[in-house]
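Remarks on the structure that follows.
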Ligand SMILES: *Cc1c(COP(=O)(O)O)cnc(C)c1O
């Protein structure tokens, strides 16, 4: 089936009442048929609902639909994108291990990997996403995962996914792509051999800035990389917290299963069923919306490129972009999403332009139907040192736009006025 059909139907079988819209199962717990049924569910002899911290029927539809759009075999929803990224890391790494992360990542991912997990004893080694050959020198036998974004936020670089996958394969390391900005509509990292995809579904998935959420998607046959691999010993040895279960022996997708049984069980960053329902509504129109976001962003990027006050425009679908070739290779129909950034002379000028727009709202979010203008150096990236700012590709005069779904000409006129 084609993507737009999957976006509307995948993962949902109508209940006995023929309910057309996916129901919201606002329930904490589920009744077992009897004590044996309960025991079988807990022992994984049978799969079914136990408690919403672990699974929920509305969230289940969202996970199945999302997995089908990404071309994955299973997915697990989390309370936010950051919870999803943390769980993807925590599912493989422990104190004494290291992970390899692109320098150009979302601000929260930078502080998570550079500060928070350091206190758990996990070291992060960074590479330039525009120069994947740096990865090899960072690998050792305690390296557990390579994490990068398909389109980086906010520096708008495009990763050469195949090149990174090739290096990871050589050392048998799991790769994980944050596909939030590109979305599964533009880019399918799993089809290039990536092992895991994570998203903040708070952005394009919900699409109207309605709900926080995250998701981890697992590729088919990930067990092949994990089984017998010394890097992932805890998948290959008995899990004493789950009466000796060995994940790599199970006939089911093991990565997302372990996130569910161990991490959601113990850490509890579970999505609300209501938020999962909102995300399902978002997925229905995602392919349609991404086309409009991308078309509009390209027109705006071209306008900005011709403006004398603009020093530089970062948008991978621009013919002048260094990453034009990569965007044509990895993104469907050359669409490059709604995120772009441009540089003006100074921090003050950037702030006054942002303040002068009328349709664009000064907000730190992306992927909304409503257009957004952000000055990263004073907001999302404020906690970063000058060195970290430079590494993340965020100069002081950089303005980020998240192009929404308003009329394209109205947005161009608004920027024209604000630029003066
Ligand atoms: C927003 C964002 C996140 C964090 O997601 P939340 O849902 O806000 O926790 C992670 N990665 C990228 C690329 C993002 O844009």
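Residue numbers (my numbering): 105 to 524. Using N, Cα and C, we set each Cβ at its ideal position, and we do this for glycine too. Note that this is a predicted model, so its numbers are computed, not measured.
- Is the Cβ-Cβ distance between residue 295 and residue 175 less than 8 angstroms? Here residue 295 refers to the residue found at position 191 of the chain shown. Here residue 175 refers to the residue found at position 71 of the chain shown. Contact: yes.
- Message: With three or more beta-carbon pairs closer than 8 angstroms as the criterion, would you say the region 350-365 touches the region 135-143?
- Response: no
- Output the boundary residues of the alpha helix (DSSP H) element that contains residue 517. The residue you call residue 517 lines up with position 413 of the chain shown. Its alpha helix (DSSP H) spans residues 512-523.
- Return yes when the C-beta of residue 304 is under 7 angstroms from any heavy atom of ligand 1, and no when it is not. Sequence index remark: in the chain shown, residue 304 carries index 200 (1-based). Within the cutoff, so yes.
- CA-to-CA distance, residue 302 to residue 512, given in whole angstroms: What you label residue 512 is simply residue 408 of the chain shown in a count that begins at 1. What you label residue 302 is simply residue 198 of the chain shown in a count that begins at 1. Looking at the two C-alpha atoms, the distance is approximately 30 angstroms.
- Is any heavy atom of ligand 1 found at a distance shorter than 7 angstroms from the C-beta of residue 476? Locating residue 476 in the chain shown gives position 372, counting from the first residue. Residue 476 Cβ: outside cutoff for every heavy atom of ligand 1.
- Classification of residue 208 by the beta-carbon crowding that lies within 10 angstroms, buried from 16 upward: As a working mapping, residue 208 is identified with position 104 in the chain shown. So residue 208 counts as buried.
- Task: Mind checking who residue 227 pairs with in its DSSP beta bridge?
- Result: Numbered from 1 along the chain shown, position 123 holds the residue referred to as residue 227. Answer is 202.
- Task: Compute every distance between the C-beta of residue 254 and the non-hydrogen atoms of ligand 1, then say whether any falls below 7 angstroms.
- Result: Position 150 of the chain shown holds residue 254. Residue 254: no, Cβ never under 7 angstroms from ligand 1.
- residue 479: buried (16+ other C-beta within 10 angstroms of its C-beta) or exposed? Here residue 479 refers to the residue found at position 375 of the chain shown. Residue 479 is buried by the Cβ-count criterion.
- Within the same chain, show all residues whose beta-carbon is closer than 6 angstroms to that of residue 134, passing over the 5 residues directly before and after it, in chain order. Residue numbering aside, residue 134 sits at position 30 when the chain shown is read from its first letter. So the list reads 153, once near-sequence residues are dropped.
- Query: Nearest-angstrom Cα distance between residue 317 and residue 467?
  - Reply: Along the chain shown, read from residue 1 onward, the residue named residue 317 stands at position 213. Along the chain shown, read from residue 1 onward, the residue named residue 467 stands at position 363. Approximately 18 angstroms, taken between the alpha carbons.
- Go to residue 273, then tell me how far its beta strand (DSSP E) extends in each direction, as first and last residue. Against the chain shown, residue 273 aligns to sequence position 169. First-last for residue 273: 265-274, but that is the alpha helix (DSSP H), not the beta strand (DSSP E).
- Query: Should residue 417 be listed as close to ligand 1, given that the test is whether its C-beta is under 7 angstroms from any heavy atom?
  - Reply: As a first step, residue 417 is located in the chain shown; it is residue number 313 there, counting from the start. No - ligand 1 has no heavy atom lying nearer than 7 angstroms to the Cβ of residue 417.
- Do you know whose CA, among 446, 167, 367, lies nearest residue 64's CA? Lying before the first or after the last residue shown, residue 64 is absent from the chain, which here runs from 105 to 524.
- Would you check whether ligand 1 has a heavy atom nearer than 7 angstroms to the C-beta of residue 282? By 1-based counting over the chain shown, the position of residue 282 is 178. Residue 282 Cβ: within cutoff of ligand 1.
- Which residues bound the beta strand (DSSP E) around residue 416? The residue given as residue 416 occupies position 312 in the chain shown. Element bounds for residue 416: 416-418.
- Minimum C-alpha distance to residue 126 - residue among 162, 269, 138, 137: As a working note, residue 126 is residue 22 in the chain shown. Considering only alpha carbons, the answer is 162.
- Query: Can you tell me the Cα-Cα spacing of residue 120 and residue 129, whole angstroms?
  - Reply: In the chain shown, the residue the question calls residue 120 occupies position 16. In the chain shown, the residue the question calls residue 129 occupies position 25. So the alpha carbons of these two residues sit roughly 15 angstroms apart.
- Message: Quick check: what's the CA-CA separation for residue 477 versus residue 432?
- Response: In the chain shown, counting from the first residue as 1, residue 477 sits at position 373. In the chain shown, counting from the first residue as 1, residue 432 sits at position 328. Each residue's alpha carbon lies about 26 angstroms from the other.
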